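Undergrad: Residues 36 to 480 in this note's numbering are what the sequence shown spells out, letter by letter. Idealized CB from N, CA, C, for every residue including glycine. Every value quoted in this text rests on a predicted model; they were computed, and no experiment measured them. Following this message is one structure expressed as structure tokens.
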Amino acid sequence: MTTIDTNQQDDEEFEGFGLLITGQALTFALSEKFKMKFLEIGTMCKAVVCCRATPLQKAQVVDLVMKNERKITLAIGDGANDVSMIQKAHIGVGISGQEGRQAVLASDYSLGQFRFLERLLLVHGRWSYLRISKFLRYFFYKNIAFTLCHFWLGFFSGFSAQTLYDPFFIATYNVFFTSLPVLVLGVFDQDISADHSLSKPHLYTPGQNDEFFNKKVFAESVIHGILTSCIIFFVPYLSISNATRSDGMTLADLQSFGFTVATIMVIIVNLENALEIWYWTSLYHFALWATIVTHFLFHFALYSTIIGKIFKNNYKYIGVTQAVLSTSNFWFTLLLTCVILLLPVFGREFFRMRFMPTKIDRARLNQKFRMEEKAAFVAHMQYKLRQRKRPIYSGYAYSQEEGWGRLITSGLMQSKSSSSPRPSSQTTNVSTSEILVYMSLFFHL
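Encoded structure:
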């Protein structure tokens with residue numbers, strides 16, 4: 036028997052090896068004396084197969100990996116002896132089959148066949164990780180940008196707890212004006228199609244390495260939110276300080292300034308969300324533009340004279356929407372703020388795609404090129420088939436006397452138009468073999 040010194044050999048030497056252990060040997064391997072050595076050897080192997088294991092041993096193996104490797108574990112089974120293992124793992128998958136439904140009832144996900152696990156992980160699991168990561172990053176970003184504007188106002192109000200926004204806007208910011216686009220993103224967004232996801236399993240590794248949501252990504256979202264709040268607050272502040280309305284009155288009041296900042300905030304954070312999405316659909320278009328339009332309609336109605344009659348002298352925002360939107364200063368400030376905040380995002384994405392593309396970026400470009408090749412091939416085939424003209428000869432003849440058959444088959448009874456030769460220069464015949472070659476190329480694209 037050869038003893039392996041794991042302290043002197045690298046993990047690469049065990050990359051092509053697997054470990055097979057029976058339930059009887061697993062009893063000793065999971066003991067306090069040997070379980071860490073068993074875990075060390077098992078993690079260096081390509082795969083570990085534990086056969087004839089009891090339900091308790093299955094759960095102990097999962098627990099050993101969870102506590103010491105700090106990895107996300109998935110357990111899959113189809114019988115009652117797999118229930119403890121499924122419940123112990125982070126994600127439990129049950130297969131409904133001939134051994135009952137105990138595993139299905141104890142699991143988080145249920146599959147009809149084991150082969151569906153590939154699609155669950157490589158397609159839906161990967162999409163869900165990307166969606167949740169974007170969802171969390173965006174929520175941190177937009178709420179930091181929204182909240183810090185109050186902090187910047189404190190330097191001008193003596194930290195008197197004066198709010199910058201209208202109380203109604205504060206209550207509806209997360210509910211109506213920034214929620215719908217990110218919800219659509221979190222449900223329907225996808226970087227590449229399902230077929231490309233299955234053909235490129237290496238795209239699953241970014242999720243295992245937490246590349247899309249970690250401490251670094253969180254810090255970037257916080258810094259992005261801080262910078263956004265600075266620009267959204269100070270650009271309108273400097274722009275409105277000496278501005279006047281069409282009636283000659285000054286525009287530099289708290290209500291007009293708060294509405295300006297709130298409007299720019301809603302537009303900017305929703306456009307930032309639009310830059311994050313990969314899969315544009317009609318539903319997302321509706322969610323994005325309907326949210327922005329709803330913001331204006333909401334404030335037109337909220338700051339109308341009808342609301343003023345209800346609240347009488349206690350409401351200070353009557354007519355603010357019409358007064359602010361009627362000035363060119365507001366639209367110039369909105370355009371300037373969008374350019375300052377969105378142009379660097381475009382530049383960063385262009386630089387990353389050009390010089391530091393990720394695995395997903397390369398896969399998206401590959402999918403785009405293949406779709407263009409397929410579209411060009413289909414257009415070429417349609418052109419070829421349109422050029423081909425196939426004359427169809429048909430007719431019926433009935434006779435009870437002999438001799439008419441020769442006359443019919445001789446061609447003398449055909450019309451002149453059908454018997455006239457067709458000019459060969461205007462037609463292009465496509466052979467059956469050529470069509471088969473084209474179709475084989477099409478399915479291999």
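1) Evaluate contact between the stretch 116 to 125 and the stretch 90 to 104, counting only Cβ atoms and requiring at least three cross-stretch pairs below 8 Å.
2) Which one or two residues does DSSP pair with Ser-145 in a beta bridge?
3) Indicate the three-state DSSP secondary structure (helix, strand or coil) for Leu-109 in the structure shown.
4) By Cβ distance, which residues of its chain are closer than 6 Å to Phe-321, with the 5 residues on each side in sequence left out?
5) If you compare alpha carbons, which of Leu-188, His-231 and Ser-232 is closest to Asp-288?
6) Hey, Phe-212 and His-125 are a contact pair by Cβ (cut 8 Å); roughly how many whole angstroms apart?
7) Provide the residue(s) that pair with Leu-54 in DSSP beta bridges, ordered along the chain.
8) Using the Cα positions of Asn-364 and Arg-383, report the straight-line distance between them to the nearest angstrom.
9) With C-beta atoms as the reference, is Val-84 less than 7 Å away from Leu-55?
10) How is Gly-193 classed by DSSP in three states: helix, strand or coil?
11) For Phe-269 and Leu-306, I'd like the C-alpha separation in whole angstroms.
12) Would you identify the three-state DSSP class for Gly-135, choosing helix, strand or coil?
13) Identify whether Thr-285 lies in helix, strand or coil by the three-state DSSP scheme.
14) Is the CB-CB distance between Phe-253 and Gly-221 below 7 Å?
15) If we count the other Cβ atoms within 10 Å of its Cβ and call it buried at 16 or more, is Ser-195 buried or exposed?
16) Kindly confirm or deny that the stretch 223 to 234 and the stretch 391 to 404 touch, where touching means at least three C-beta pairs closer than 8 Å.
17) Arg-405 lies in the alpha helix (DSSP H); which residues open and close that run?
18) With C-beta atoms as the reference, is Ser-142 less than 7 Å away from Gly-132?
19) How would you call Gly-112, buried or exposed, if buried means at least 16 neighbouring beta carbons within 10 angstroms?
TA: Quick look at the numbers:
1) The answer is yes - the stretch 90 to 104 touches the stretch 116 to 125, with three or more Cβ pairs under 8 Å.
2) Walking along the sequence shown from the start, residue 145 turns up at place 110. Under the DSSP definition of a beta bridge, Ser-145 partners with Gly-129.
3) As a working note, residue 109 is residue 74 in the sequence shown. In the structure shown, Leu-109 adopts extended strand secondary structure according to DSSP, grouped into three states.
4) Start at 1 with the first residue of the sequence shown, and residue 321 comes out as number 286. None.
5) Residue 288 sits at position 253 when you count from the first residue of the sequence shown. Ranking the options by Cα distance to Asp-288, first place goes to Leu-188.
6) In the sequence shown, residue 212 corresponds to position 177, counting from 1. In the sequence shown, residue 125 corresponds to position 90, counting from 1. With a Cβ gap of about 35 Å, Phe-212 and His-125 do not count as contacting.
7) Within the sequence shown, numbered from 1, the residue matching residue 54 stands at position 19. Per DSSP, Val-83.
8) Taking the sequence shown and counting its residues from 1, the one referred to as residue 364 is at position 329. Taking the sequence shown and counting its residues from 1, the one referred to as residue 383 is at position 348. For Asn-364 and Arg-383, the distance between alpha carbons rounds to 29 Å.
9) Taking the first residue of the sequence shown as position 1, residue 84 is located at position 49. Taking the first residue of the sequence shown as position 1, residue 55 is located at position 20. Inclusion of Val-84 and Leu-55 in the CB contact set at 7 Å is warranted, their separation being smaller than that value.
10) Taking the first residue of the sequence shown as position 1, residue 193 is located at position 158. DSSP places Gly-193 in the coil class of the three-state scheme, outside both helix and strand.
11) The residue given as residue 269 occupies position 234 in the sequence shown. The residue given as residue 306 occupies position 271 in the sequence shown. Taking C-alpha positions only, Phe-269 is separated from Leu-306 by approximately 20 Å.
12) Residue mapping note: residue 135 aligns to position 100 of the sequence shown, counting from 1. Reduced to three states, the DSSP call for Gly-135 is strand.
13) Along the sequence shown, read from residue 1 onward, the residue named residue 285 stands at position 250. Strand.
14) Counting from one through the sequence shown, the residue named residue 253 turns up at place 218. Counting from one through the sequence shown, the residue named residue 221 turns up at place 186. One thing to note: Phe-253 has its Cβ no nearer than 7 Å to the Cβ of Gly-221.
15) Taking the first residue of the sequence shown as 1, we reach residue 195 at position 160. Exposed, because fewer than 16 other Cβ atoms sit within 10 Å of the Cβ of Ser-195.
16) Taking 8 Å as the limit for Cβ pairs, the verdict is that the stretch 391 to 404 does touch the stretch 223 to 234.
17) Residue numbering aside, residue 405 sits at position 370 when the sequence shown is read from its first letter. Start and end: 394 to 422.
18) Residue 142 sits at position 107 when you count from the first residue of the sequence shown. Residue 132 sits at position 97 when you count from the first residue of the sequence shown. With a cutoff of 7 Å on beta-carbon distance, Ser-142 and Gly-132 are scored as not near each other.
19) Taking the first residue of the sequence shown as position 1, residue 112 is located at position 77. Classified as buried, Gly-112 has 16 or more neighbouring CB atoms from the shown chains inside 10 Å of its CB.
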